[in-house]
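Undergrad: In the UniProt record's numbering, the protein residues as written are 1 to 899. Before we start, here is the structure in question, set down as structure tokens.
Here is the structure:
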């Protein structure tokens, strides 16, 4: 039968911000809700979807608190659907914990109003992450509706089941024609034409008509419009005001063997994906990554440790920081495809979250450190490991002393070797206009030191500081030199600079890469959504032949330092003319330390417009695909997309380039070796194809892996790009300049490199955690009252002194990655510690390992992502066995000291 049941589903897509600002959107929302209340309360509309995100509901209730009960009545009666998201987030460049907290806080906020709409609703996200089925399933969400990312190559139908590697599955519907079908040019079409459009590739006679659009006005005449459709359908289609729940019920009654799909969805056949948005507004993405990392790997575990020791966990404080951060994760907000005014507000929210999270860490470090037993040796420095694994590695710390020399001793009184990296003589008295007025007795020394230190899992260790008048024996000073043949080495690698080019010699595999690292700069004629090469591009290969080169050596590390200036085209006009009037000062540091990745830090003062810079690693690890991390696992991607040559002929919206997102690491791996790059804030990589037309290039085989440092562009949207033909993305009717997105400012970058025999994703992710989350330290001293902003003011130590060496808990599970150590949510009981672990491998683990727990823990549970108990676990001799993990499986555990 050709007749369709057309489910007309009224909604609005409410962008949190975009080319307009969040305050502007909020004002419109207040008046929009007046019309919506009227339509729902009078029966003009049966139900309405408020875009599935609670941040806008919170905004509304802050501006119109008098309507809270009115809104609650509509939510409880199922007329107004709210939740499950806090914000409609990007799924590809924010962390897995951010996605989980987004849903967790969104569901909590919706349930506080009486009911949450449990639908995996992502109408405008720029692609769907491979991990979403298991995340949805972890919250009890059984259905998902989305628009972007699916192609017929992946799934020929609109209706399908989406399955994760762990077996989790959700029923999906792709609103292939978009969410904006209430726009006049569509809503005014012949009803049979509408049905023909929205039902193409549908297996079921039940099809949706998403009746909404961006910030669209409420249509109080929907019922008469539906009546008109029914009267004028020549085919006998039946239009009904409906819901997505009714749509899925209808589909499942007819389609008994759903088509099953696995993997991520980042194809641009039906809608744009903006495959190169991941490097837009790098400054935002770097700061977001910094806050995500600090929240999940430092502040929350530190708060758990502090709670155990007597400083109460502050759930409202930490959730407030999360909400500030999540408000920067809406798809436009995270992507950076906004007006400059909007991006300025996003940056301020990121700064707010950064300062709040840093202040939380600073306060707890101080209060805990000043509570450590130190009667015999009051001058102590306390080191903290906030990861749930023990560590022994190079640590950098600050020490303040009155004398220029000092000795460090451990808890057994044994001397600890260290190296002074820098020392500065400082004044601690009242400031004066002339240094001649300073009291000489008030000078002291600020030292930066390096030492190798073993630290317990999620715990602390105290070293004692004894000041001396002579340099202690055994502490070699740092050496800095300007050699004619600069070279650094450790037990695995030697890196040399030869004629401005960097060569790497791997001692373990015998690998020699004569030119393994350089900078690639190209023009960018794109916009805030997409990179686009100019018609007449000039790609520059930047090396270090004109740089000033230093080598800095200590017993634990060797660092190669380059300082120089690169000359680049100032804009696209100069690039076309092969001119270079823009001077970009830079500093590059490459550090080698045993048992640690190559640590690369770079600073660039960008003074050029309309260009894209990449950090390129040129190797012999030849592969036809890459593997990058995802929210809770990894994904394999081909260097050459199957549609790379015929995407235009097939009508795809943009080129399926080998430009991909990453969160923290990407690898090239073959039978002989694995190259892995670690990233702290860079969210885009590209595998560069050979320029010649050899068989290798035709197959897509390559060993050149690039991290995009940043893109410098000046327009929100532009039409007819090389990689994205047709209308402008975003606001297609107006050119909107975004000069701030040129990023004419100092930028900093940090990356790491590892080379190993085989690919072990859990090992890589644990390496990234140690790379990105350094050990923390705090010295008990009163010489320097400005080690952080708030140290000037006093705090009371704990009543019960703390031990000088302790560990709260230890995870012994080499094949797993810990993504969260936090206090249980108040809504789920509030008692206990929550630990989330995942298996990033494609292989199952029969016995994943165990967690060693504090002595007072008497109950252990496995819980879902909402922290609802699934089953109780046995505690044996203070340990909980983690049992089996399916491939890519996520498990959450809760431990309580209350019986």
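Positions of the beta carbon are idealized from the N, C-alpha and C atoms, including for glycine. What you are looking at is a predicted structure, and each value in this text was computed from that prediction instead of being measured.
(1) How about residue 888 and residue 863: do their beta carbons lie closer than 7 Å?
(2) Terminal residues of the continuous beta strand (DSSP E) containing residue 385?
(3) Who are the Cβ neighbours of residue 150 in its own chain at under 6 Å, not counting the five residues just before and after it?
(4) Of the residues 685, 388, 133, 797, which one's Cα is nearest the Cα of residue 616?
(5) Residues in the same chain with beta-carbon distance under 6 Å from residue 866, minus the five sequence neighbours each way, listed in chain order, please.
(6) By a C-beta neighbour count over all protein chains shown, 10 Å radius and 16 as the cutoff for buried, is residue 939 buried or exposed?
(7) Have a look at residue 170 and residue 661 and give me their C-alpha separation to the nearest angstrom.
(8) Output the distance between the C-alpha atoms of residue 200 and residue 220, rounded to the nearest integer angstrom.
(9) Can the beta-carbon of residue 631 be found less than 7 Å from the beta-carbon of residue 771?
(10) Closest to residue 193 by C-alpha separation, out of 236, 118, 155, 213, would be which residue?
(11) Return the bridge partner residues of residue 908 from the DSSP annotation.
(12) If you scan the stretch 552-629 from start to end, which runs of the alpha helix (DSSP H) of 4 or more residues do you find wholly inside it?
(13) Are the beta-carbon atoms of residue 59 and residue 14 separated by less than 7 Å?
(14) Just the Cα atoms here: how many angstroms apart are residue 835 and residue 636?
(15) Beta-carbon within less than 7 Å of residue 371's beta-carbon, same chain only, minus the 5 sequence neighbours each way: which residues are those?
(16) Once DSSP output is grouped into helix, strand and coil, what is the label at residue 753?
(17) Decide yes or no for the touch test of the stretch 806-815 against the stretch 844-856: beta carbon pairs closer than 8 Å, at least 3 of them.
(18) Are the beta-carbon atoms of residue 127 and residue 148 separated by less than 7 Å?
(19) Start and end of the alpha helix (DSSP H) containing residue 309?
(20) Assuming the contact rule is C-beta atoms closer than 8 Å, residue 17 and residue 494 should be a hit. Round their C-beta distance to whole Å, please.
(21) Comparing alpha-carbon positions, which option in 383, 113, 239 lies nearest residue 187?
(22) In the structure shown, what three-state DSSP assignment does residue 122 receive?
(23) Rounded to whole angstroms, what is the Cα-Cα separation between residue 48 and residue 323?
(24) Does the distance from the C-beta atom of residue 501 to that of residue 515 stay below 7 Å?
(25) Report the rounded CA-to-CA distance for residue 667 versus residue 767, giving the unit in angstroms.
(26) In three-state terms, what does DSSP make of residue 835?
(27) Does the pairing of the stretch 600-620 with the stretch 814-825 give three or more beta-carbon distances under 8 Å?
(28) Between the alpha carbons of residue 125 and residue 876, how many angstroms are there, rounded?
(29) According to DSSP, what are the bridge partners of residue 901?
(30) Taking the alpha-carbon positions, what's the residue 5 to residue 892 distance?
(31) Taking the Cβ atom as the reference point for each residue, do residue 183 and residue 213 lie within a distance shorter than 7 Å?
(32) Please classify residue 674 as buried or exposed, where buried requires at least 16 neighbouring CB atoms within 10 angstroms.
(33) Alpha carbon to alpha carbon, how far is residue 387 from residue 704? Give it in angstroms, no decimals.
(34) Could you say if the stretch 461-470 and the stretch 300-309 meet the contact criterion of at least three C-beta pairs nearer than 8 Å?
(35) Between which two residues does the beta strand (DSSP E) holding residue 56 run?
(36) What separation, rounded to the nearest whole angstrom, lies between the Cα atoms of residue 303 and residue 364?
TA: This is what the structure gives:
(1) Numbered from 1 along the chain shown, position 888 holds the residue referred to as residue 888. Numbered from 1 along the chain shown, position 863 holds the residue referred to as residue 863. In this structure, residue 863 does not lie closer than 7 Å to residue 888 by Cβ.
(2) Within the chain shown, residue 385 is the residue found at index 385, counting from 1. Start and end: 380-385.
(3) Here residue 150 corresponds to residue number 150 of the chain shown, with the count starting at 1. Correct list, in chain order: 174, 265.
(4) Counted from its first residue, the chain shown places residue 616 at position 616. Comparing Cα positions, the closest option is 685.
(5) For the purposes of this step, residue 866 is taken as residue 866 along the chain shown, with counting starting at 1. 139.
(6) Residue 939 lies beyond the residue range present for the chain, which begins at 1 and ends at 899; the question has no answer from this structure.
(7) The residue given as residue 170 occupies position 170 in the chain shown. The residue given as residue 661 occupies position 661 in the chain shown. Roughly 24 Å between the two C-alpha positions.
(8) One-based indexing of the chain shown puts residue 200 at position 200. One-based indexing of the chain shown puts residue 220 at position 220. Their backbone Cα atoms lie some 29 Å apart in a straight line.
(9) Numbered from 1 along the chain shown, position 631 holds the residue referred to as residue 631. Numbered from 1 along the chain shown, position 771 holds the residue referred to as residue 771. Taking 7 Å as the Cβ cut-off, residue 631 and residue 771 do not qualify as a contacting pair.
(10) The residue you call residue 193 lines up with position 193 of the chain shown. Closest by alpha carbon: 236.
(11) Here the chain has residues from 1 to 899 only, and residue 908 is not among them.
(12) 572-576
(13) Position 59 of the chain shown, counting from 1, holds the residue named residue 59. Position 14 of the chain shown, counting from 1, holds the residue named residue 14. Not closer than 7 Å, so no.
(14) Along the chain shown, read from residue 1 onward, the residue named residue 835 stands at position 835. Along the chain shown, read from residue 1 onward, the residue named residue 636 stands at position 636. For residue 835 and residue 636, the distance between alpha carbons rounds to 27 Å.
(15) Indexing the chain shown from 1 puts residue 371 at position 371. Taken in chain order, the residues that qualify are 797, 798, 801, 802.
(16) What you label residue 753 is simply residue 753 of the chain shown in a count that begins at 1. Strand, per DSSP.
(17) yes
(18) Residue mapping note: residue 127 aligns to position 127 of the chain shown, counting from 1. Residue mapping note: residue 148 aligns to position 148 of the chain shown, counting from 1. For residue 127 and residue 148, yes; Cβs fall inside 7 Å.
(19) Taking the first residue of the chain shown as position 1, residue 309 is located at position 309. 300-309 is the extent of the alpha helix (DSSP H) around residue 309.
(20) Translated into positions along the chain shown, residue 17 becomes position 17. Translated into positions along the chain shown, residue 494 becomes position 494. Their Cβ separation, rounded to whole angstroms, is 50 Å, which puts residue 17 and residue 494 out of contact at 8 Å.
(21) Position 187 of the chain shown, counting from 1, holds the residue named residue 187. Closest option to residue 187, Cα to Cα, is 239.
(22) The residue labelled residue 122 in the question sits at position 122 within the chain shown. Strand, per DSSP.
(23) As a first step, residue 48 is located in the chain shown; it is residue number 48 there, counting from the start. As a first step, residue 323 is located in the chain shown; it is residue number 323 there, counting from the start. In a straight line, the C-alpha of residue 48 is about 25 Å away from that of residue 323.
(24) Looking up residue 501 in the chain shown gives position 501. Looking up residue 515 in the chain shown gives position 515. Taking 7 Å as the Cβ cut-off, residue 501 and residue 515 qualify as a contacting pair.
(25) As a first step, residue 667 is located in the chain shown; it is residue number 667 there, counting from the start. As a first step, residue 767 is located in the chain shown; it is residue number 767 there, counting from the start. So the two alpha carbons sit approximately 13 Å from each other.
(26) Here residue 835 corresponds to residue number 835 of the chain shown, with the count starting at 1. Residue 835: strand per DSSP, three-state reduction.
(27) no
(28) Working through the chain shown from its first residue, we reach residue 125 at position 125. Working through the chain shown from its first residue, we reach residue 876 at position 876. Rounded to the nearest angstrom, the two C-alpha atoms are 45 Å apart.
(29) An answer regarding residue 901 cannot be provided, because it is not within the stretch 1 to 899 covered by the chain.
(30) Residue numbering aside, residue 5 sits at position 5 when the chain shown is read from its first letter. Residue numbering aside, residue 892 sits at position 892 when the chain shown is read from its first letter. Taking the straight line from one Cα to the other gives about 41 Å.
(31) Residue numbering aside, residue 183 sits at position 183 when the chain shown is read from its first letter. Residue numbering aside, residue 213 sits at position 213 when the chain shown is read from its first letter. Cβ distance < 7 Å, so residue 183 and residue 213 count as in contact.
(32) Taking the first residue of the chain shown as 1, we reach residue 674 at position 674. Per the 10 Å Cβ criterion, buried.
(33) Working through the chain shown from its first residue, we reach residue 704 at position 704. Working through the chain shown from its first residue, we reach residue 387 at position 387. Taking the straight line joining both Cα atoms gives about 33 Å.
(34) no
(35) As a first step, residue 56 must be located in the chain shown, where it is residue number 56. Counting along the chain, residue 56 falls outside any beta strand (DSSP E), though it belongs to the alpha helix (DSSP H) covering 55-63.
(36) Looking up residue 303 in the chain shown gives position 303. Looking up residue 364 in the chain shown gives position 364. Cα to Cα, the separation comes out at about 8 Å.
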